[in-house]
Structure formats: C-alpha cells, structure tokens
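Trainee: Protein chains in written order, with the numbering used here: chain F, 1 to 397; chain B, 398 to 794; chain Y, 795 to 933; chain X, 934 to 1072.
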Amino acid sequence: MNIRDQFPILQRKVNGYPLVYLDNAATTQKPQVVLDAMSTYYAHSNANVHRAVHTLAGEATEGYESCRTKLKERYNAERVVITSGTTEGINLVAHSWGRANLKKGDAVVLTEMEHHSDIVPWQMLAEERGVELRYVPVLPDFTLDMDIFAASLEGAKLVCVVHTSNVLGVRNPLESIVEQSHAVGARVLIDAAQGVPHASIDFTTFGADFMAFSAHKMCGPTGIGALLIAPSAFDEMVPFMGGGDMIETVTVDGSTYQTNEHKFEAGTPRIAEAVGWSAALDWMDSFDLDAEHARLVDIAAWVAQQLRDLGMTVYGRHGPDDAAVVSFLHPTINSEDMAHLLDARGFAVRTGHHCAQPLLQRLGISGTVRASFYLYNTREEAEAFVAEMKEIVEKFA
Amino acid sequence: MNIRDQFPILQRKVNGYPLVYLDNAATTQKPQVVLDAMSTYYAHSNANVHRAVHTLAGEATEGYESCRTKLKERYNAERVVITSGTTEGINLVAHSWGRANLKKGDAVVLTEMEHHSDIVPWQMLAEERGVELRYVPVLPDFTLDMDIFAASLEGAKLVCVVHTSNVLGVRNPLESIVEQSHAVGARVLIDAAQGVPHASIDFTTFGADFMAFSAHKMCGPTGIGALLIAPSAFDEMVPFMGGGDMIETVTVDGSTYQTNEHKFEAGTPRIAEAVGWSAALDWMDSFDLDAEHARLVDIAAWVAQQLRDLGMTVYGRHGPDDAAVVSFLHPTINSEDMAHLLDARGFAVRTGHHCAQPLLQRLGISGTVRASFYLYNTREEAEAFVAEMKEIVEKFA
Amino acid sequence: MTFYPATLQELIDEFQEMDDKRERLEYLFELADEVNEFPTSQWSDLSRVRGCQSEAHVHVDVAEGLIHFQAGADAKLVQGLMGVLTLALEGLAPAQALAIPPDFAQEMGLTNTLTPSRSNGFRNMFDKVMSEIRGQTEG
Amino acid sequence: MTFYPATLQELIDEFQEMDDKRERLEYLFELADEVNEFPTSQWSDLSRVRGCQSEAHVHVDVAEGLIHFQAGADAKLVQGLMGVLTLALEGLAPAQALAIPPDFAQEMGLTNTLTPSRSNGFRNMFDKVMSEIRGQTEG
Ligand SMILES: Cc1ncc(COP(=O)(O)O)c(C=O)c1O
Ligand SMILES: Cc1ncc(COP(=O)(O)O)c(C=O)c1O
C-alpha cells in the first residue's frame, strides 16, 4: 500500500485544500496500524500491568514490556526507561543522576543550540546546587564552536547536546563530542528527539551515557518516550518519582526500590501508548530509513535554495546528515502572516521560537517559519509549497 | 444502547468464558466513544499544541485545553494541571510545593491507608529535607484513628490522605480532616484516585488544597491524570520539570516561567489522551453517578457477606460512601491460586499488596484477593462470581 | 437579535459572505490600513495586549465624548483585527461602544478564520479596549 | 526434535491434551503432591527463587550421581510447577537433566497457562535448579 494511504490524516482537506503537513519537527502523523494497535489493545486486553495473574493483565504487561524490548533491540541499549517524552527523560537525568552526582562547582556543558527541554532542567539544577553551566556558542555557519567546546570541558561532569537541532536541522558532531567528553570523564546526554526519527543509532557503539527521545516525533503516539541509559550511569542513579511499581518493599520506616528500569517508572505506566509505539516501531522497520532520509534531505536542500531565490534568509545547511528541516524568514512579510496565508491553502508550517530562544538570540532573530519533512512527504508537496510561497511573496511582499 | 454493549472488551471471552472484569480498582475499561475520540483525533487533527497558527494545531490545542476546561467545570476547580496520573500529581506536589514550603523539622501527616504513590514521594522528601513523617494508624474497624490524627497535627504543614482506600474501599472523613488541618494552617492533599471514579466532588467547596487522580480509573485512557490545586497553594509552587511550553522566556542567563497551569506541564503534553479523557468525561456525564454508586456498593456489600459466609475474612465495611471494592482472604486457599482458578473461568481479580504495604502490615497480612466493581458490572456478574467462589471453596479448601 | 453600529454591521455582512479563508485573510490585511497608527515609540507594557503571539498594542482616548482608537502590531493579520475594531469603535460614543457584545467576532466568522489562540488574542484585545473605554468614562 | 526423559514426555503429552485452563490448573494442583517437601525451616535467601510473586524455594542434592530435588512454595500452583520439575528431574543423572531444553515449558503448554510473569518465575526456577545441578556436578 502507498505510504500516504496508510495515514488517514493525509486524506484530509484543510480550508478546502488537501493538507500538506510540513510541521513534522513538532510532531509526526500516525499510520493506521498505530491507531489500530491502540484501539485493539483497549478493546481486547486493557488491564493494569505487573503483579496480577489474570489473563488481561498478562497481555497488558506483555504489550507494555514488548515496547521496551523493541527499543532495546532497535537501539542496542541495555537499559531503557519508558518516559512520557524527551522532556521527562532529560528531567529524569537531572533529578536521578544530576542530583546524586553533581555538586557545587561542577560544570555542565550545554550548547546554544539546545531545545528548552535541554536547558531549563539544567538551569533549575544549577540554581539549586550551584552547578556551573557553560554554553557552547553556535557559529555563523550554524555549527557548534568546537574550540570553545573543547575548552569548556575542564572540570565538566556532564555534557548535554542535541543530536539534531529542531530549528536548523543541523546534526552535531556527536562522535567527537562523546570522545572528548569521555576523555575528561564527563558523561554525555544526547537529546535525540530530532535524531531518532531520521537516523539509525546504535546506542552502545555510539557510547553516550543518556539518550532521550519522544514517540510522537517518529509516528508513535503522544504521551510516551524513552531514555536509554548506559549501565554504568544507570548504577549511579537514584529514584526520581516515588510510587507504585518502582518499589520492592514499603514500610512506614522506609522503602527499598526495584533494581531494574521499573525503579524509574512510578505509577501506572503508559500502557496503550507503549502498545502503539511498538506498532510504530514495527512499521518503521519496513523502511530503509537511510534511503528515506537521503530523499528528504534532498527535498529540504532544494526547498531551501528555492526560498533563498525568493529572497528569504534560510537558517541551516542541509548536509547529508542533517534533518529535513527548513527554517526561514522573509525580509518584509511577517512570519505569522505567512503561516496564516499558507494555512489558508492547506499548508501546515510552524512559526515562533521553536523552544530554542538562546539559539535565536544568537542568530539575532526572535523566530522563524519552519517547514519540516517526514517519511510521507513527497517532492510534489515540496513543489506545491514553493509555488505557494512564490505566490505569497509576489502578492504580499 | 445498553452500557455493556458500549464496551468492546466486555464482549471478549477469556479462557473460553465470558470476561467478568472485577479489577476496576486497578484500571477501568473504556467505552467505544473514548477509543473513537482518540482515533478521530489522530486521523483528523493530530498536531502539536500551543504557539502554532495552522488549522490542525488549533484543533489539537482546543482538544487538549477542552479537557482542562471540562475538569475545571466538573470539579469546580480554578487550577487544573494535566499530569500523567495520580502518581505524577503527588510527586509534583512534593517537588513543586513541598520543596518550596517544607523545611527541616516540619511535619507531614500521612495515613497507614495510603497507596505507595502517596507514601514514597514523602519518604524521599523526608530523607532529603529532614521533614518528619507522621502516620495515622488504621483501627480494627478499618477506619483512621482520628484521635491520633488530631494529635498529629501540631506543627504539621501538610496532610496527605487517600479519599478512598484502594484495598478496603473505605472512604475517609475528609471533611473533618480538611477542617482540622486548615485550623492548624496545614495544607491538605487528597489522593482521589479511587474517589473520583465514584463520587461527585466539588473541589472548591470541599476545601482541600491539592487533589490528584488518574483518567484510567474512570473510563479514560492510560497516561493521563490531573492535579487540582487551590489558588493560594498554586501561588506557592515552583516549577517541577523544565522544558518547552512551561517557560515565558529562556536566555542563557536564566528563564522566566508561565504563570498559569502550563508552568507545570513541560514538554509536548498528552494530547490524544486529553481528547480521550474529554470523551470519557462527557460519557460519564450521561450517568447518575450517585445512583450508580449506590447500586455498586450494594452489590459489593452483598458479595462481601456471601464471601464471609463462605469462610473468608473480608477487609472493609461497605458503607454507603465506600467504594465497591471487596478485599478478602480464604483461610487455606492461597490467593494466587484463587486468582488463577478464577481466571480460568473468565473472572479477573487482583491479588497482592495493591501498593499499600503499610496498610497490610497493620492488618497483619501480606496481600488480599480483591474484586472491585464499576459502572458496567452487573448483579448477575456478582452472582456468578459468588457461585464460582463457592465451587472453588468446595473443591479446593 | 443584537443591533450593531452601522459600519460594524456592514463589515460583518461582508465578512460573512466570504468563505474562503485566504479571501478573508486578504480582506483583513486590507483592513489593516484603517488603523490609526499607534507609534511604536509609545508602545509600553501598559499598551500591550496579553496573549498575542506577536507584539500588539492599543491605545484609547475618549475626548469630547467620542472614542479615538489607535493601535499597532507586528503582524499584518493582527493589524487587520485592529482594523476591525477601528471600524467598529472609532468616533462612537462610549455608551454605544460598550453596548457591542463581545461575541460579534463569532457571528462575523472571525473566530473561524483564526486559530483558538488568535481568537483569544482578539478577545483579549477587545476586552482591554472596552475596559479602557469604561475606565475613561467613569473616571 | 528433542527427546525428553520418559516421565517428562508423558507429562507433556498429557498436559497438551487438556485445553481447558481450569483442567490444567487442577492437574498442576495434583502434581503438587509429587514434590519432595523442602521444609520451611530450611528456606533461606539462598534457596529462594527470584521473580516469583509468592515465596518459592528449591533445593537440589546430587548424591551418588543422581538428582534429588526438594521444593516448597506458598501457592499450590507454584508447588504444581515444582511437581513438574520433580517428575522431570528426580532420580536423573545430572547429564540427562542438563540436556532438557528450557523451552519444554512452552511445548508443554505451561507458558500459555500462566501469565508472562509466572512463566518468568517458572523459567527462573528452572534456571536456578539447572545451575545448581551444574554447580554440584562440576564442583
Ligand atoms: C488510592 C490510589 N492512589 C494512587 C494510585 C496511583 O495511580 P496511578 O498508578 O494511576 O498513578 C492508585 C492506583 O493504583 C490508587 O488506587
Ligand atoms: C530537539 C528537541 N528536544 C526536545 C524536544 C522536546 O520533546 P517533547 O516535547 O516530546 O518532550 C523537542 C521537541 O519539541 C525537540 O525538537
């Protein structure tokens, strides 16, 4: 079946025009198999997981845990904590690893390219604990200043870096960052929210200590994500949230905790979401992700050039490892107006700061218009988008 | 349409027998309208919320926020934070209110009847901050020792109490607890995970400061819940998790936060789940919850008496305000064996400690078998359950 | 049945006739020209409309019993919304203005044209303007 | 095709013939009687099988080249699973026992009768017993 036919939402019309969904860096659409998996779970096996003997509970537990198993296999990771998304994953590291391992005067290295979700948790920790934050600047060519990065490592205990920028699409030199960080004994957290949707990653070979991402950015449901953790880092973590399922025993005098991933999964977990994500992972297995990625970056690079020709400033470089994200500004047409005009013809793009204000401050702007492409987007859609942009510029510039 | 026909899972057979689902205190089943609402959302409006101008994002935002609006109206609450469930809600209070307002020597009053989710977060805080925890004992009649409760209040800054015990079904004297607590200036957190499914609650009139609950225990989806907060308590809270959507501005020098509920909802929220929960709330509006509750407690009281007649010990009293939860033990038949035998005939019950080990320690047992009833359960199912129990006792005692 | 000031009624009728979103946007863009410019030099926290994505500022003067409305914004669409308010309010007596029900935007079809958060922004703008008119009338 | 010790093969055949879960459970309950009781007084952390909900303890002796298996548990079902292991292992030579593939439980249909976590519990029990046999043989 044609990929587009598998996504019911792509049959939709918006303001009378076929939907052209180019807001994939914000969230992706879901194939029918994912919706079906969740509905079937609810209609057939819904129950609370763990500790129960009835048939439904067994099926629910198996459904939930099979998501973890699939993630372990897909990313070659020994420890996979199921979270509610990238943001919770990073906050989990800040609380469970950060509060146990960082003290006054320790340094955490971040980059100016980080999403707010990989900045604010560290600012909160820094304020609470007197930890020093060092931001690696972004150069005019939209890459990290690796000299300053190297110089920032002295005394660093943790390096937090975004795999791929959600504004620029730029993929960072992670291999080198991991190597240099480990050389000084710093652990590395990778915000892979925009990385995993496009790249096949072997977490163990990669060598990072933490990697967080969200299901909803890779055709999975909302409300679920994962944090991959290297075993040695896992052993340094204390519990984050307390509650059911994460304990071994509770008495009024104190509690003991689980020793596996459940230690960090307090309360009833995201069961249906895990079942849905499993289906999404299976579905994605049917693609040659690298080939698809090449196709999409190619489209993005073409769109970027067309927009430049129309007088826009494009923020990004669209190299082969970068994501298919095109951020741009027109010199006179306001971004919001642009997005409204596009929406009137069925095109969904995002405007604003994209939760990356420090990056935008560095670029000297307060926002961009962003068109981002994913598996189901076609060359024809890109062409229609460019044609529409041309019309808008001609009419409203 | 007959209520049972609205729940696809109730048409299911388990081990060849019709499913009799009596594990509702763990999680409830979902009517078709809830599954449809989520599928329709994904198939029609899926997008990331807030800050975007395209049509889908508008619909998604409206869908998400309408869940909040419905909760505000249903519970008459000014502040409703969307969480991933009761457990996250309570941890949110421990972090956002507790860490900002409790210092060494302050006392937090809990009860022995609490679920682990309302114990472990406070134990973690107590250990970190030197806060004193005081547990109100449970009396042989399965109620709280209100004398000791009163005596525990001196110097208490927070009282945490379960609305309705998930093991005993006992509903606590919350009105009196709130009044006495407020008289000494202590705030009150109510764990209403088992309360809201059965009782209509006016949060403002009730007067508590925090109330946490989960959607999945009231016909809603997994992965979502809510924390209601009194305005004066809301103003005392600092952020918990950091990330997108909870900030106003972020710079490398620091951040400012949202002032409304978004301040506590970092990252992409549970959008489809909120849409599903909205549908569940609408669906529940079609019931006279008080009348249904009376019917269910009546069934529970009858089952309890039948089980006593069969030689079981029943833990609970099944008064008119209590929940339809029947916890019991047979003197010789092992609980797990019992649950397996029941499962073989399609009955789903739960065994174990029900995440309430301190309560069980007080009762001198390590677990119970628990049958819990909800809206779609019938008198006939209860009778079949009792008949099955009779057969099991005759054959295996 | 509500009675609107004549210019507003005309606007509502005209807007209702269009059902293509693009056409409505273009119409709003044109209305941007109706706005009495509130110079950016005078923009302040007091004049800011909360809850708009982009900067939006309004200023009301009631002089000799008649309303004078000035406004300014980054986005042309927001300027267009300000144009709607200009046509609705400029030169009215405060009592006439205060009689305009806030849901005229819904009747007009404006809210359908905007996303919910932009609708809210417009509602905030309307409320702010009305409360200033009220303040200057009572004061 | 795997060859099982005769008693185990018989058990597998018999179990496979039943497809009512209740019948299977009752059969397992009967097998509980086959277990050589491991007295609770001797239960310790060393004998405990991890990952079982209820208490489950096993003890293996290899004396004069033959396996002697003792076990005890709270739940009759778990005792029944121990009965399965008793029939499978008691009196065998270690080499024979070690040749039994762990997935016999699947072939037998045991895993279908149990929830995944009980299946895991049984697997843990099997693994623990096998590793003790191995230990006592090599040691
Ligand atoms: C009384 C009580 N409190 C808290 C919880 C925890 O709820 P959740 O697991 O949905 O976070 C439960 C349910 O398991 C409960 O019954
Ligand atoms: C780079 C990056 N990091 C983190 C996030 C946060 O992900 P979520 O909102 O799913 O927690 C996003 C997505 O918005 C992102 O693009």
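The beta-carbon is built from N, C-alpha and C at its ideal position, and this holds for glycine as well.
Could you tell me whether the Cβ atoms of residue 782/B and residue 725/B are closer together than 8 Å?
Mentor: Within the second sequence, numbered from 1, the residue matching residue 782/B stands at position 385. Within the second sequence, numbered from 1, the residue matching residue 725/B stands at position 328. Not closer than 8 Å, so no.
Trainee: Just the C-alpha distance for residue 274/F and residue 652/B, rounded to the nearest angstrom, thanks.
Mentor: As a position in the first sequence, residue 274/F is number 274, starting the count at 1. As a position in the second sequence, residue 652/B is number 255, starting the count at 1. Approximately 33 Å between the Cα atoms of the pair.
Trainee: With 8 Å as the threshold, decide whether the Cβ of residue 183/F is near any Cβ in chain Y.
Mentor: Position 183 of the first sequence holds residue 183/F. Not an interface residue.
Trainee: Anything in chain B within Cβ reach of residue 912/Y, meaning under 9 Å, just list it in chain order.
Mentor: To locate residue 912/Y, count along the third sequence from 1; it is residue 118. Proximity of chain B to residue 912/Y at the Cβ level (cut-off 9 Å) is accounted for by 450 and 455, in chain order.
Trainee: Check whether the Cβ of residue 514/B lies closer than 7 Å to any heavy atom of ligand 1, and answer yes or no.
Mentor: Here the question's residue 514/B lines up with position 117 in the second sequence. Checking every heavy atom of ligand 1 against the Cβ of residue 514/B, one is found closer than 7 Å.
Trainee: Assuming contact is defined by CB atoms lying nearer than 8 Å, are residue 236/F and residue 101/F in contact in what I supplied?
Mentor: Residue 236/F sits at position 236 when you count from the first residue of the first sequence. Residue 101/F sits at position 101 when you count from the first residue of the first sequence. Closer than 8 Å, so yes.
Trainee: Between which two residues does the beta strand (DSSP E) harbouring residue 79/F extend?
Mentor: What you label residue 79/F is simply residue 79 of the first sequence in a count that begins at 1. Looking at the DSSP string, the run of the beta strand (DSSP E) that includes residue 79/F is 79 to 83.
Trainee: Please report whether the beta-carbon of residue 235/F lies at a distance below 8 Å from any beta-carbon of chain Y.
Mentor: As a working mapping, residue 235/F is identified with position 235 in the first sequence. Judged by the 8 Å Cβ criterion, residue 235/F is not in contact with chain Y.
Trainee: Does the region 156 to 173 of chain F come close enough to the region 108 to 121 of chain F to have 3 or more Cβ pairs within less than 8 Å?
Mentor: yes
Trainee: Taking any Cβ of chain F, which residues in the region 1045 to 1070 of chain X have a Cβ under 9 Å from it, in chain order?
Mentor: 1047, 1048, 1049, 1050, 1051 and 1052
Trainee: Could you give the DSSP three-state label for residue 259/F: helix, strand or coil?
Mentor: As a first step, residue 259/F is located in the first sequence; it is residue number 259 there, counting from the start. In this structure, residue 259/F counts as coil in the three-state DSSP scheme.
Trainee: Flag residue 191/F as yes when its Cβ comes closer than 7 Å to any non-hydrogen atom of ligand 2, and as no otherwise.
Mentor: Taking the first residue of the first sequence as 1, we reach residue 191/F at position 191. Yes, the Cβ of residue 191/F comes within 7 Å of a heavy atom of ligand 2.
Trainee: Do the CB positions of residue 86/F and residue 482/B come within less than 8 Å of each other?
Mentor: The sequence position of residue 86/F within the first sequence is 86, counting from 1. The sequence position of residue 482/B within the second sequence is 85, counting from 1. No. Outside cutoff.
Trainee: Does any residue of chain B have a CB that is nearer than 8 Å to the CB of residue 1004/X?
Mentor: Here residue 1004/X corresponds to residue number 71 of the fourth sequence, with the count starting at 1. No, its Cβ sits nowhere closer than 8 Å to a Cβ of chain B.
Trainee: Between which residues of its own chain and residue 97/F is the CB-CB distance below 7 Å, once the five residues before and five after are set aside?
Mentor: By one-based count along the first sequence, residue 97/F stands at place 97. Answer for residue 97/F: 233, 236 and 237, listed in chain order.
Trainee: Pairing CB atoms from the region 818 to 836 of chain Y with CB atoms from the region 868 to 879 of chain Y, are three or more of them under 8 Å?
Mentor: Counting Cβ pairs under 8 Å, three or more are found: they touch.
Trainee: Per DSSP, what kind of secondary structure is residue 727/B in: helix, strand or coil?
Mentor: Here residue 727/B corresponds to residue number 330 of the second sequence, with the count starting at 1. Coil at residue 727/B, not helix or strand.
Trainee: Roughly how many angstroms lie between the CA atoms of residue 699/B and residue 667/B, to the nearest whole one?
Mentor: Walking along the second sequence from the start, residue 699/B turns up at place 302. Walking along the second sequence from the start, residue 667/B turns up at place 270. One Cα belongs to residue 699/B, the other to residue 667/B, and the distance between them is close to 40 Å.
Trainee: Residues of chain F with CB closer than 9 Å to the CB of residue 598/B, please, in chain order.
Mentor: Here residue 598/B is taken as the residue at index 201 of the second sequence, counted from 1. Those within 9 Å of residue 598/B in chain F number zero; the least Cβ separation is about 21 Å.
Trainee: Taking 7 Å as the line, does the beta carbon of residue 591/B fall inside it for any heavy atom of ligand 1?
Mentor: Position 194 of the second sequence holds residue 591/B. Because some heavy atom of ligand 1 lies under 7 Å away, the Cβ of residue 591/B counts as near it: yes.
Trainee: Any heavy atom of ligand 1 closer than 7 Å to the Cβ of residue 268/F?
Mentor: One-based indexing of the first sequence puts residue 268/F at position 268. The answer is yes for residue 268/F.
Trainee: Just the chain F side, please: which residues come within less than 8 Å of residue 1010/Y by C-beta, in chain order?
Mentor: Residue coverage of chain Y in this structure runs from 795 to 933, which leaves residue 1010/Y outside it and unanswerable.
Trainee: Helix, strand or coil: which one does DSSP assign to residue 212/F?
Mentor: Taking the first sequence and counting its residues from 1, one reaches residue 212/F at position 212. Of the three classes helix, strand and coil, the one that applies to residue 212/F here is strand, per DSSP.
Trainee: Assuming residue 594/B and residue 425/B are in contact, meaning their beta carbons sit under 8 Å apart, how far apart are those beta carbons, in whole angstroms?
Mentor: If you number the second sequence from 1, residue 594/B lands on position 197. If you number the second sequence from 1, residue 425/B lands on position 28. Going by Cβ atoms, the distance from residue 594/B to residue 425/B rounds to 7 Å, so yes, they are a contact pair.
Trainee: Quick one: which chain Y residues come within Cβ less than 7 Å of residue 370/F?
Mentor: On the first sequence, residue 370/F is found 370 positions in, with the first residue counted as 1. Taking the beta carbon of residue 370/F as reference, no residue of chain Y falls within 7 Å; the closest one sits roughly 14 Å away.
Trainee: Kindly identify the DSSP beta-bridge partner or partners of residue 1003/X.
Mentor: For this step, residue 1003/X is matched to residue 70 along the fourth sequence. DSSP output for residue 1003/X lists 969/X and 992/X as bridge partner(s).
Trainee: Whose C-beta lies closer than 8 Å to the C-beta of residue 333/F among residues of the same chain, with five residues either side of it excluded?
Mentor: For the purposes of this step, residue 333/F is taken as residue 333 along the first sequence, with counting starting at 1. Once the five neighbours on either side are set aside, the close Cβ partners of residue 333/F are 392, 393, 396 and 397.
Trainee: Specify the secondary structure class of residue 156/F as computed by DSSP and reduced to three states.
Mentor: On the first sequence, position 156 is the one that residue 156/F refers to. Strand.
Trainee: Does the Cβ of residue 327/F lie closer than 7 Å to at least one heavy atom of ligand 2?
Mentor: By 1-based counting over the first sequence, the position of residue 327/F is 327. Remark: the shortest separation between the CB of residue 327/F and any heavy atom of ligand 2 does not fall under 7 Å.
Trainee: Measuring straight from C-alpha to C-alpha, what distance separates residue 190/F and residue 177/F?
Mentor: Here residue 190/F refers to the residue found at position 190 when the first sequence is read from its first residue. Here residue 177/F refers to the residue found at position 177 when the first sequence is read from its first residue. Computed Cα separation, rounded: 10 Å.
Trainee: Give the secondary structure of residue 570/B by DSSP, where H, G and I count as helix, E and B as strand, and everything else as coil.
Mentor: The residue given as residue 570/B occupies position 173 in the second sequence. Three-state result, residue 570/B: coil.
Trainee: May I ask whether a heavy atom of ligand 1 can be found less than 7 Å away from the beta carbon of residue 484/B?
Mentor: For the purposes of this step, residue 484/B is taken as the residue at position 87 of the second sequence. Under cutoff, so the answer is yes.
Trainee: Which of the residues in the region 1 to 32 of chain F, read from start to end, lie with their CB under 7 Å from any CB of chain B?
Mentor: 8, 9, 12, 14, 15, 23, 26, 27, 29 and 30
Trainee: Using only the heavy atoms of ligand 1, determine whether one of them is closer than 7 Å to the beta carbon of residue 611/B.
Mentor: Along the second sequence, one-based indexing puts residue 611/B at 214. Yes.
Trainee: What does the Cβ neighbour count give for residue 377/F, buried or exposed, with the cut at 16 atoms within 10 Å?
Mentor: In the first sequence, the residue the question calls residue 377/F occupies position 377. Answer is buried; the Cβ neighbour count reaches 16.
Trainee: So that I know if they touch, is there some Cβ in chain X lying closer than 8 Å to that of residue 742/B?
Mentor: Along the second sequence, read from residue 1 onward, the residue named residue 742/B stands at position 345. Closer than 8 Å: yes.
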